[in-house]
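Note that the protein sequences, when read in sequence, are chains G and F.
Quick note: the UniProt record's numbering has the first sequence finishing at residue 122, numbered continuously throughout.
Quick note: the UniProt record's numbering has the second sequence finishing at residue 290, numbered continuously throughout.
Cβ atoms here follow ideal geometry from the backbone N, Cα and C, with glycine treated the same way.
All figures in this text were calculated on a predicted structure; none of them were measured in a lab.
Reviewing the structure listed below.
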Amino acid sequence: MRLLTHNMLSSNIKGVTNGFPLGIEVEKVIEKQVDFNPDFLRNMFAKVEWKALVDAARTMGYAELPEEADLSMLESDDFLKRFHHALLELHLEEGALVCPETGRKFPVNKGIPNMLLLEDEV
Amino acid sequence: MSSRPESLAPPEIFYDDAEARKYTSSSRIIQIQAKLSERALELLALPDDGIPRLLLDIGCGSGLSGETLTENGHLWVGVDISQSMLDIALDRQVEGDLLLGDMGQGLAIRPGVVDGAISISAVQWLCNADKSSHEPRLRLKAFFGSLHRCLSRGARAVFQVYPENLAQRELILRSAMHAGFAGGVVVDYPHSTKNRKEYLVLTCGPPSLSTATPKGKGEDGESGSDEEFSDEENQTIRTSDRHRPRKKQKTTKKGKGREWLLKKKEQMRRKGNTVPPDTKYTGRKRKSKF
Ligand SMILES: C[S@@+](CC[C@H](N)C(=O)[O-])C[C@H]1O[C@@H](n2cnc3c(N)ncnc32)[C@H](O)[C@@H]1O
Chain G
1 MRLLTHNMLS SNIKGVTNGF PLGIEVEKVI EKQVDFNPDF LRNMFAKVEW KALVDAARTM
61 GYAELPEEAD LSMLESDDFL KRFHHALLEL HLEEGALVCP ETGRKFPVNK GIPNMLLLED
121 EV
Chain F
1 MSSRPESLAP PEIFYDDAEA RKYTSSSRII QIQAKLSERA LELLALPDDG IPRLLLDIGC
61 GSGLSGETLT ENGHLWVGVD ISQSMLDIAL DRQVEGDLLL GDMGQGLAIR PGVVDGAISI
121 SAVQWLCNAD KSSHEPRLRL KAFFGSLHRC LSRGARAVFQ VYPENLAQRE LILRSAMHAG
181 FAGGVVVDYP HSTKNRKEYL VLTCGPPSLS TATPKGKGED GESGSDEEFS DEENQTIRTS
241 DRHRPRKKQK TTKKGKGREW LLKKKEQMRR KGNTVPPDTK YTGRKRKSKF
């Protein structure tokens, strides 16, 4: 699972009002190279919750993102490369995602988060 | 005709390791899934600017449909309820991220972030009640509600579906409209039993030019013969959005009557709703309380 996906996921357990961002418990991180596409990144920037991405990347061992980011930074190739790496190339391979309100864990195996809810969580 | 897989077992049981392997080792299935996915992507009508979008593939299974999205340069996240199907997707090293999830529980995605969604041959599964706790109407509601929220304004969702009958198609469509979608059904090759394919084309946001439901392929007899056009088959079926004024219901002084009620109850049952049994009390006039 990429951090792009992590940045979109939100716990939808019954009764939870703010399920974002999910915490990350890391057992294993892998890196996979992806083609660099500045247009995609510029498009995506507005939708990304920056702080959640910075925190998630740090948890995964990548601390090269600036704490704050704004549109003007999208002109910088150096910034885009870091953004690209954090968003698309870091994968949580084994571990868990954690609901910020309830602490419920969603296990991640072979890179796939198990988001299935129990009957009383629906 | 073989019986429908939807009526044999719940999806996470039906799509076990053996079925998942069968699914992707048949070149016929691979070809069909690719074709359906191409068409769904076309109906998504994404801007033609070469910029990759973030798409959802609902019921992504072994990733056949997702591969079409990758080939067209997009990024995607797939959701499926069957671990066996997702394992095959891993074996095939698909580019998209995968989630093990049940669309009937709603998508765990935050609002407004997705540029479009496709789903190939999966949504009709929601019309089944596989567990006693399953209520198709509620599962469809949870699904369409969460989908509507997570799509960005103006984005589309295109589902190729195999509804079992008219009532099922209506149930699916109505759930989508209730969630706030506009759109309708596009039927490709309506005159061909073999090639006939249905796509639900849904749009988020206020109706506009871009929300007009596109035409189906082969609507004017492309599939060969010049048989008679029956109205139902020949046309792209359109439904307007939820803001259309409802027809006023006709009621007489005496109320709607037992017969009407029995008919309605039967209709609801067919849609999979729980309806109290018919008894001698059904539709009987109540004593006035005051
Ligand atoms: C006909 S297969 C299509 C697979 C995929 N689109 C492809 O091209 O390979 C239908 C898929 O829908 C999935 N499915 C059925 N019900 C589901 C549900 N409630 N939530 C998520 N996926 C579901 C099944 O597990 C199955 O993988």
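How would you write the range of the beta strand (DSSP E) that residue i sits in, first residue to last?
i                     : result
Tyr199 (chain F)      : 197-203
Arg153 (chain F)      : 151-161
Val275 (chain F)      : First-last for Val275 (chain F): undefined, no H or E at that position.
residue 134 (chain G) : Only positions 1 to 122 of chain G appear in the structure, and residue 134 (chain G) is not among them; the question remains open.
Ile58 (chain F)       : 54-58
Leu118 (chain G)      : Note, Leu118 (chain G): premise wrong, no beta strand (DSSP E); not H, not E.
Gly184 (chain F)      : 182-188
Arg271 (chain F)      : Rather than Arg, the amino acid found at residue 271 (chain F) in this sequence is Lys. Premise fails: Lys271 (chain F) is in no beta strand (DSSP E) and is neither H nor E.
Val108 (chain G)      : 105-109
Determine the DSSP secondary structure at residue i, reduced to helix, strand or coil.
i                     : result
Gln33 (chain G)       : coil
Ala96 (chain G)       : strand
Gly78 (chain F)       : strand
Glu232 (chain F)      : Its pLDDT being 35, under 50, Glu232 (chain F) is placed unreliably by the model, and the measurement read from it follows with that caveat. DSSP places Glu232 (chain F) in helix when its eight states are reduced to three.
Arg284 (chain F)      : coil
Ile120 (chain F)      : strand
Ile13 (chain G)       : coil
Asn128 (chain F)      : coil
Thr193 (chain F)      : coil
His84 (chain G)       : helix
Lys215 (chain F)      : coil
Arg92 (chain F)       : coil
Asp48 (chain F)       : coil
Leu41 (chain F)       : helix
Glu27 (chain G)       : strand
His134 (chain F)      : coil
Asp87 (chain F)       : helix
Asp70 (chain G)       : coil
Leu107 (chain F)      : coil
residue 123 (chain G) : No information on residue 123 (chain G) is available, as it lies outside the stretch 1 to 122 that chain G covers here.
Asp78 (chain G)       : helix
Leu8 (chain F)        : coil
Looking only at its own chain, which residues have a Cβ that is under 6 Å from the Cβ of residue i, when we skip the five neighbours before and after it?
i                : result
Gly50 (chain F)  : none
Ile50 (chain G)  : According to the sequence shown, residue 50 (chain G) is Trp rather than Ile. The residues are Ala69.
Gly95 (chain G)  : Glu25, Val26, Glu27, Val108
Glu121 (chain G) : Ile13, Lys14
Gly154 (chain F) : Gly205
Gly283 (chain F) : Arg258, Leu261
Leu75 (chain F)  : Pro52, Leu54
Would you give the residue range spanned by the alpha helix (DSSP H) that residue i belongs to?
i                     : result
Phe40 (chain G)       : 38-45
Ser11 (chain F)       : The sequence given here places Pro at residue 11 (chain F); Ser does not occur at that position. Looking at the DSSP string, the run of the alpha helix (DSSP H) that includes Pro11 (chain F) is 11-14.
Ile172 (chain F)      : 166-178
residue 300 (chain F) : What is shown of chain F runs 1 to 290, which leaves residue 300 (chain F) out entirely.
Leu53 (chain G)       : 50-59
Leu98 (chain F)       : Looking at the DSSP string, Leu98 (chain F) is not in any alpha helix (DSSP H); the run it does join, the beta strand (DSSP E), is 97-100.
Gly66 (chain F)       : 64-71
Met8 (chain G)        : 3-8
Identify, in the order they occur along the chain, each residue of the same chain with its Cβ nearer than 8 Å to the Cβ of residue i, setting aside the five sequence neighbours on each side.
i                : result
Arg196 (chain F) : Val187, Asp188, Tyr189, Pro190
Val113 (chain F) : Leu54, Cys150, Ser152
Arg104 (chain G) : Ser11, Ile13, Val98, Glu121
Going along the chain, which residues of its own chain have a beta-carbon closer than 7 Å to the beta-carbon of residue i, five neighbours each way excluded?
i                     : result
Val201 (chain F)      : Leu43, Arg156, Val158, Gly183, Gly184, Val186, Thr213, Pro214
Lys32 (chain G)       : Glu89, His91
Ile30 (chain G)       : His91, Glu93
Leu117 (chain G)      : Ile13
residue 313 (chain F) : Residue coverage of chain F in this structure runs from 1 to 290, which leaves residue 313 (chain F) outside it and unanswerable.
Ala40 (chain F)       : Ile118, Ile120, Val158, Gln160, Tyr199
Gln105 (chain F)      : Ala142
Contacting positions in the region 107-118 of chain G - beta carbon closer than 8 Å to chain F: Lys110, Gly111, Ile112, Pro113, Asn114, Met115, Leu116, Leu117
Interface positions of the region 80-106 of chain F facing chain G (Cβ-Cβ less than 7 Å), listed along the chain: Leu86, Leu90, Asp97, Leu98, Leu99, Leu100, Gly101, Asp102, Gln105, Gly106
Under 7 Å (Cβ pairs) to chain G, residues found in the region 129-144 of chain F: Ser133
Residues from the region 43-58 of chain F in contact with chain G, defined by Cβ distance under 9 Å: Asp49, Gly50, Ile51, Pro52, Arg53, Leu54
Residues within the region 37-50 of chain G neighbouring chain F, beta-carbon criterion of under 9 Å: Asn37, Asp39, Phe40, Arg42, Asn43, Met44, Lys47, Val48, Glu49
Under 8 Å (Cβ pairs) to chain G, residues found in the region 110-125 of chain F: Arg110, Gly112, Val113, Val114
Chain G contacts made by the region 175-198 of chain F, where a contact means CB separation under 8 Å: none
Contact residues within the region 56-69 of chain G, judged by C-beta distance below 8 Å to chain F: none
The region 78-103 of chain G: positions lying closer than 9 Å to chain F by Cβ: Leu88, His91
Contact set between the region 145-174 of chain F and chain G, restricted to residues whose Cβ is under 9 Å from the partner: Ser146, Cys150, Ser152
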